[in-house]
Amino acid sequence: MLYNVNIPAMSELNWSLLAPYDLVITVAPKVRLEIGRFSLGLLPRIRLIANPADERVFSAGAFCEIAHDATIVIGGEHRNESLFNYTFGGPANVFKHFMTEQDWSLCTVAPVKPVHIGDNVVISTGAIVVGGAQIGSGSIVGAGAVVTGQCEPLGIYAGVPARRLRDRFDQRMADLYTQVQLPRISAEDVSKLPGLLARLASGEMPLSEYASSVRLLQDRPKVLLEGSIGPGSTVNPVKTTGYIVAGQTIANPELDAYFAQIWRKQGDSVRWSPDIFAELKLTPQTN
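Here it is as structure tokens:
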């Protein structure tokens with residue numbers, strides 16, 4: 000169903016149009032960032048320091064959250080084994096024109112290490128995630144932690160560098176976490192999740208009742224976006240470039256018009272749907 004929702008022009012709430020979908024953002028010209036559904040809040044916390052030639056530098060699963068002062072840093076690693084610190088950036092960049100191509104290549108930063116984050120990850124206040132980090136699904140990164148390597152699923156991590164303190168759940172809750180299939184929950188049923196999951200966790204609701212109360216997506220469509228690097232090395236989507244449905248890249252004028260509302264310059268309402276792909280009958284029915 001489509002709703003008319005009153006939202007101030009150019010409000011950050013416009014991004015709610017993108018929230019229910021997997022996103023693939025391409026920057027300059029082939030650097031890819033992939034963000035799962037309902038994890039869009041990660042995007043403002045990403046700092047893309049250097050652009051590799053052709054690489055997926057970031058991926059995150061569904062339902063991830065991050066504190067407003069946490070940071071995900073991609074690129075910018077120094078060649079720590081070198082005897083020479085490259086300080087010719089910015090105003091001193093003219094010096095590179097007096098270098099051979101080989102010498103200039105020695106001044107550039109080290110190759111970018113990608114960051115991969117699973118589903119339902121929490122990154123707490125003041126935490127920093129750097130290149131090469133891999134955070135497993137269901138894990139929590141504690142306040143002030145610095146994640147430099149691998150965090151296994153369903154753990155609580157803290158410290159510098161981050162280390163596993165304990166499991167996030169006991170075995171019963173870990174089993175439930177797997178069975179509720181959060182990444183596939185229909186956007187139309189997301190508003191029901193807090194109450195349903197609370198009852199399920201308390202034992203008040205059997206798993207069979209939960210399963211009959213929510214619908215699961217058979218396909219998770221992707222929105223393809225062109226991005227640019229903004230102030231502070233942030234990544235800003237600037238327009239949609241296509242869509243992936245059932246593994247096929249498609250163009251669709253109705254989808255273009257729908258998502259173009261994000262960048263509208265005037266007006267005080269948007270046409271919003273919890274699942275515009277289903278509304279336009281572009282994806283299979285949920286089950």
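With numbering that gives the first Met the number 0 as the guide, the letters of the sequence shown map in order to residues 0 to 286.
Think of the CB as a built atom: it goes at the ideal place given N, C-alpha and C, for glycine as much as any other residue.
Next item on the list: Could you tell me which residues DSSP pairs with D166 in its beta bridges?
Entry: Looking up residue 166 in the sequence shown gives position 167. The partner list for D166 (beta bridge, DSSP) reads G154.
Note to self: Taking only three categories from DSSP, how would you classify G135?
What the structure shows: Numbered from its first residue, the sequence shown carries residue 135 at position 136. DSSP places G135 in coil when its eight states are reduced to three.
Item checked: Cut-off 8 Å between Cβ atoms - residues of its own chain near W14, not counting five sequence neighbours on either side -> Within the sequence shown, the letter at position 15 stands for residue 14. Cβ within range, chain order: L39, I261.
Next item on the list: Would you tell me roughly how many angstroms separate the C-alpha atoms of G130 and V114, rounded to the nearest one?
Entry: Along the sequence shown, read from residue 1 onward, the residue named residue 130 stands at position 131. Along the sequence shown, read from residue 1 onward, the residue named residue 114 stands at position 115. Rounded to the nearest angstrom, the two C-alpha atoms are 5 Å apart.
Item checked: Bridge-paired residues (DSSP) for Q247 -> Taking the first residue of the sequence shown as position 1, residue 247 is located at position 248. Note: Q247 sits in a beta bridge opposite V244.
Margin query: Considering only the alpha carbon of each residue, which of I184, Y176, R163, E151 lies closest to D218?
Written below: As a first step, residue 218 is located in the sequence shown; it is residue number 219 there, counting from the start. Comparing Cα-Cα distances from D218 to each of I184, Y176, R163, E151, the minimum goes to I184.
Item checked: Sequence-distant residues of its chain with Cβ nearer than 8 Å to E151 (five each side left out) -> By one-based count along the sequence shown, residue 151 stands at place 152. Closer than 8 Å at the Cβ level, and outside the excluded window around E151, lie G135, S138, R163.
Item checked: Which of helix, strand or coil DSSP assigns to R219 -> What you label residue 219 is simply residue 220 of the sequence shown in a count that begins at 1. In this structure, R219 counts as coil in the three-state DSSP scheme.
Notebook entry, point to check: Among A245, A126, T124, which one has its Cα closest to the Cα of P283?
Noted result: Residue mapping note: residue 283 aligns to position 284 of the sequence shown, counting from 1. The residue with the shortest Cα to Cα distance from P283 is A245.
Notebook entry, point to check: Just the Cα atoms here: how many angstroms apart are M204 and S211?
Noted result: Reading the sequence shown from its first residue, position 205 is the one you call residue 204. Reading the sequence shown from its first residue, position 212 is the one you call residue 211. The straight-line gap from Cα to Cα measures roughly 11 Å.
Next item on the list: Drop a sphere of 10 angstroms on the beta-carbon of S123, count the other beta-carbons inside from all chains shown, and report buried for 16 or more, exposed for fewer.
Entry: Here residue 123 is taken as the residue at index 124 of the sequence shown, counted from 1. S123 should be labelled buried.
Next item on the list: Report the three-state DSSP secondary structure of E208 (helix, strand or coil).
Entry: Translated into the one-based positions of the sequence shown, residue 208 becomes position 209. DSSP places E208 in helix when its eight states are reduced to three.
Check: Is it right to say I71 is buried, meaning 16 or more other beta carbons lie within 10 angstroms of its own, or is it exposed?
Finding: Walking along the sequence shown from the start, residue 71 turns up at place 72. Result: buried.
Check: Beta carbon of R167, beta carbon of L181: below 7 Å?
Finding: Working through the sequence shown from its first residue, we reach residue 167 at position 168. Working through the sequence shown from its first residue, we reach residue 181 at position 182. Taking 7 Å as the Cβ cut-off, R167 and L181 do not qualify as a contacting pair.
Notebook entry, point to check: Is the CB-CB distance between G74 and G35 below 7 Å?
Noted result: Walking along the sequence shown from the start, residue 74 turns up at place 75. Walking along the sequence shown from the start, residue 35 turns up at place 36. Contact: no.
Check: Residues in its own chain within less than 6 Å of L281 by CB, not counting five upstream and five downstream?
Finding: If you number the sequence shown from 1, residue 281 lands on position 282. Closer than 6 Å at Cβ, skipping near neighbours: V244.
Next item on the list: Determine which residues share a DSSP beta bridge with N235 and list them.
Entry: What you label residue 235 is simply residue 236 of the sequence shown in a count that begins at 1. Answer is S227, bridged to N235.
Note to self: Quick check on P220: buried or exposed, where buried means 16 or more other Cβ atoms within 10 Å of its Cβ?
What the structure shows: Locating residue 220 in the sequence shown gives position 221, counting from the first residue. With 16 or more Cβ atoms within 10 Å of its Cβ, P220 is classed as buried.
Check: What's the C-alpha gap between D174 and R263?
Finding: Within the sequence shown, residue 174 is the residue found at index 175, counting from 1. Within the sequence shown, residue 263 is the residue found at index 264, counting from 1. Roughly 44 Å separates the two Cα atoms.
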